[in-house]
Structures are given as structure tokens and as C-alpha cells.
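**Student:** Okay, here's the structure, questions in a sec.
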Amino acid sequence: MSFNLRGAILQNVSGNSPQEVEETIVDAVQSGEEKMLPGLGVLFEVYWKQASDQEKQECINQISKGLQ
């Protein structure tokens, strides 16, 4: 039996307001729990798919800075 984690996460946050999305992200980051990482990954994938090339480059630059 296969479980579609991506689909479950998207279903769970579908229709959320910007404030609810922010709360989800802040909670996941502050908790530091590894079980939250797939959800953050799915949210990042949603962002990435709709981001412009400029937004993607800005995101890459910010992540790179954070890794230094």
C-alpha cells in the first residue's frame, strides 16, 4: 500500500489563508522536528513552481547566504 505524502500535505493546507500558511511555516521551523521537514518541502515546491526566475534566484541567494 502506497501513501501519497505530498498529496496529503497539500490537502491539509489547501485553502489556508496567508496568515495560516505563515503560522504553519513558523511552527515547523521553531519546533525543529524532523517530521515537519516533508511539509516544508512541499510548501517550498509550491513556491518554486509559481516563482519567477528572479524570485528563484533571490531565494537561491538567501539560502546560500544562510549556509555560509
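Just so we're aligned: 17 in the working numbering is position 21 of the sequence shown, and the numbers increase by one with no gaps anywhere.
Glycine included, each C-beta is placed from N, C-alpha and C at the ideal position.
Every value quoted in this text rests on a predicted model; they were computed, and no experiment measured them.
1. Look up residue 41 in the DSSP assignment and say whether it is helix, strand or coil.
2. For residue 47, which of helix, strand or coil comes out of DSSP?
3. Does residue 11 pass the burial test, meaning 16 or more other C-beta atoms within 10 Å, or should it be called exposed?
4. Under the three-state reduction of DSSP, which class applies to residue 11: helix, strand or coil?
5. Please report the straight-line C-alpha distance between residue 6 and residue 64, rounded to a whole angstrom.
**Tutor:** According to the data block:
1. helix
2. coil
3. exposed
4. Of the three classes helix, strand and coil, the one that applies to residue 11 here is coil, per DSSP.
5. 31 Å
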